[in-house]
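Worksheet: the structure to be examined is printed underneath.
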Amino acid sequence: MFAKEALPVSHYDVTARLNGQYDSLLASGQYYPFTYPFGTLGATVVIIYLLLDHRSRPWLRKARYAAWSFITVFALWSIKSFRARNPAAAFGVGLISAWSILWCSMMLVIKDVQLDFSRVERKESRLDLVSASTSSQTAESNGHASGNAHQDGSTLHARSSKVGTTQAPAQRTGTLAWQAYPAGPFVERLDWVADIFSNFRGMGWNWRISGLPSPPLWVQAQISGNSGTPPPEEDEKKTQISRTGVRRYHDNSSLLKANLWLVCRDVIILDVLKTLISHDAYFWDGNVSAWPNYLPAYLHAFPVIVRSARLFISLSAVYIALQAIFALGPLFFVGMIGPRYIGARGEAWMYPDSFGSFDNVLDKGLAGWWGGWWHQSFRYAFEAPATKLMELAQVKPKSPTGKFISLTIAFVLSGALHACGSYTQMGHTYPLSGPFLFFISQIGGISAQLAINSLLQQIGVVQRCPRWLQRTANFIYVHVWFYYTAPLLCDDFARGGIWLFEPLPFSPLRGLGLGGPGDGFWCWWGGILWWHKGDRWWNTGLAL
1 MFAKEALPVS HYDVTARLNG QYDSLLASGQ YYPFTYPFGT LGATVVIIYL LLDHRSRPWL
61 RKARYAAWSF ITVFALWSIK SFRARNPAAA FGVGLISAWS ILWCSMMLVI KDVQLDFSRV
121 ERKESRLDLV SASTSSQTAE SNGHASGNAH QDGSTLHARS SKVGTTQAPA QRTGTLAWQA
181 YPAGPFVERL DWVADIFSNF RGMGWNWRIS GLPSPPLWVQ AQISGNSGTP PPEEDEKKTQ
241 ISRTGVRRYH DNSSLLKANL WLVCRDVIIL DVLKTLISHD AYFWDGNVSA WPNYLPAYLH
301 AFPVIVRSAR LFISLSAVYI ALQAIFALGP LFFVGMIGPR YIGARGEAWM YPDSFGSFDN
361 VLDKGLAGWW GGWWHQSFRY AFEAPATKLM ELAQVKPKSP TGKFISLTIA FVLSGALHAC
421 GSYTQMGHTY PLSGPFLFFI SQIGGISAQL AINSLLQQIG VVQRCPRWLQ RTANFIYVHV
481 WFYYTAPLLC DDFARGGIWL FEPLPFSPLR GLGLGGPGDG FWCWWGGILW WHKGDRWWNT
541 GLAL
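Here it is in structure tokens:
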């Protein structure tokens, strides 16, 4: 990247070059700065549309395709024409814009949220159940017939009781019931739409992804009572941890303690990782020939060790950063806001952990890595197109063909999302031959391992192997696979400059002199957020 320039002495040199490149691109008119509030225009249009009840107005219902078209065009324009200076925001411009297309495709094209979806909400205590006929009509229109709701065996049936129409969600003290799209009042409808727009895993919705644990039995019992369905027969302990090892919390205290511990621990680990990164030019601009100063000099002669160390740091940084960000949600919505202001959305059971157990990797290999251990935030948006395609093609989801279709679509979409993030970074990246190829390659890796395992089962090898040996084989396969494929993604991250982002305002380790040249206790010297005055109203605002 810097073949004709002086090699960078520290990560500050690379940051200065990328910032200068950003300023030059804006001055030339080639790109516009990504600013708020204009950057939210696409989402705002969709939210406004969803606030209009189209269930009894066919012409307005068809207008959802126009709303989807608008956010799609706006997102593509943002990816092509807008850039951010902050390294994390630069990646986010592409990733989030692409995600908005995918998520709104699910809500407006593949599904119709006003007819297909229902969520758990409290009733007004003075209201009785609606008539059986009303419940039946609601059940037919809330998406239960799609076959996607509660694939993990939960007894939360998608049949709705009428939730109060005069009190806000936080004011209700009644039992829990299914709430379809609210007829009114406006604040109720706004709360419902905001929830579906931001709840990607579906906890508390009739489309909850399969990897999440069931709600508590008392929640299921109340919903069953209000829906006229049989009470749940699950064991309470089994509802606390899902089949993939995702844990659900039964009270506020355990939830807040666990997530506060995660944030505190992850902040310390991030400081360690950022300190290591400051000693390796690879993480500044993707220069794989640079020597990592955190390794002893005699290890520099072993490329396997150098690459493994860099991949481990990259994986750890992504995992820890995501885990810390996800842990902030429960602390804010449960610890700071709570049911008093947001009703059922402020209860502990709504916030299960974001990552599953690593046992998924040991037991299922590469498929367990992506389908059980790693976060599943994008899962439903990946599954919905595959489910619709199989429905149109009359392919059974559990058949080998159906599973391959689901696998392929999921990784193609994931590759597209991350490729868009790569495209909008300021560094010199390779979106297609980097992130996109990485995620596409996972299709082959998973398929190959499943085929090998099936063959070994047919000849009786698996049956004769002890469990520890099978787990060891899965562990080795997964990490050898990533040793050869992960650089496609990690090198692109480094080239794009994403590791130049400072997640913490201060660093005790770098303050003690353990960082690189120019490092100190305070890290946020550059502009994290500033007011940009553009030549047009729409490129004026808060810039990142």
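Residue 353 in UniProt numbering is what sits at position 353 of the sequence shown, and the numbering runs on without skipping anything.
The beta-carbon is built from N, C-alpha and C at its ideal position, and this holds for glycine as well.
Asked                                                                                                                                   : Found
Helix, strand or coil at LEU455 according to DSSP, with G and I counted as helix                                                        : helix
Segment contact flag, the region 83 to 102 with the region 417 to 436, C-beta cutoff 8 Å, min 3 pairs                                   : yes
ASP266, buried or exposed, once every other Cβ within 10 Å from all chains shown has been counted against 16                            : buried
Test item: CB-CB of residue 562 and ILE440 under 7 Å                                                                                    : This structure gives no information on residue 562, because the portion of the chain shown stretches from 1 to 544.
For VAL113 and LEU489, the rounded distance between their alpha carbons                                                                 : 34 Å
Ranges of the alpha helix (DSSP H) found wholly within the UniProt domain "Wax synthase" (351 to 440), counting only runs of at least 4 : 359 to 364, 379 to 393, 400 to 423
For TYR36, the residue or residues it bridges with in DSSP                                                                              : LEU542
Backbone secondary structure at PHE312 - three-state DSSP                                                                               : helix
Backbone secondary structure at TRP525 - three-state DSSP                                                                               : coil
Exposed unless 16 or more other CB atoms sit within 10 angstroms - verdict on ARG83                                                     : buried
Exposed unless 16 or more other CB atoms sit within 10 angstroms - verdict on TRP68                                                     : buried
Boundaries of the alpha helix (DSSP H) in which HIS479 is found, first to last residue                                                  : 467 to 485
Delimiting residues of the alpha helix (DSSP H) encompassing TRP218                                                                     : 217 to 227
Residue 581 - containing alpha helix (DSSP H), residue span                                                                             : Limits of the chain in this structure are 1 at one end and 544 at the other, which puts residue 581 out of reach.
Chain-order list of residues whose beta-carbon lies under 7 Å from that of TYR430 (same chain, five-residue window excluded)            : ASP492
Per DSSP, the bridge partner or partners of TRP530                                                                                      : ALA543
The alpha helix (DSSP H) enclosing LEU262, as first and last residue numbers                                                            : 252 to 277
Contact belief for SER278 with GLY520 at Cβ below 8 Å, rounded distance in angstroms                                                    : With a Cβ gap of about 11 Å, SER278 and GLY520 do not count as contacting.
Rounded straight-line distance, which links the Cα of LEU276 to that of LEU504                                                          : 15 Å
N- and C-terminal bounds of the beta strand (DSSP E) containing GLU121                                                                  : 119 to 122
7 Å Cβ shell around SER377 - same chain, five flanking residues per side excluded                                                       : PHE200, ARG201
In DSSP terms, what PHE506 is bridged to                                                                                                : TRP522
Cα-Cα separation between THR44 and TYR181, rounded to whole angstroms                                                                   : 19 Å
Residue from PHE197, ARG17, TYR36 with nearest C-alpha to SER105                                                                        : PHE197
Opposing strand residues paired with TRP205 [DSSP bridges]                                                                              : ARG119
Identity of the residue in PRO303, TYR22, PHE382, GLY511 nearest PHE411 by Cα                                                           : PHE382
ALA66 in three-state terms, based on DSSP                                                                                               : helix
Buried versus exposed, by CB contacts within 10 Å (16 or more), ILE528                                                                  : exposed
Backbone secondary structure at ALA84 - three-state DSSP                                                                                : coil
ALA98 - DSSP class collapsed to helix/strand/coil                                                                                       : helix
Pick from PHE302, LYS364, GLY245 that is closest to ARG471, judged by C-alpha positions                                                 : LYS364
Euclidean distance between Cα positions of ALA486 and GLN21                                                                             : 28 Å
LEU176 - partner residues in DSSP beta bridges                                                                                          : ARG122
Status (buried if at least 16 other CB within 10 Å, exposed otherwise) for SER118                                                       : buried
Same chain, Cβ closer than 8 Å to LEU457, five either side skipped, listed in chain order                                               : It should be pointed out that residue 457 corresponds to Gln in this sequence rather than to Leu. Once the five neighbours on either side are set aside, the close Cβ partners of GLN457 are GLN463.
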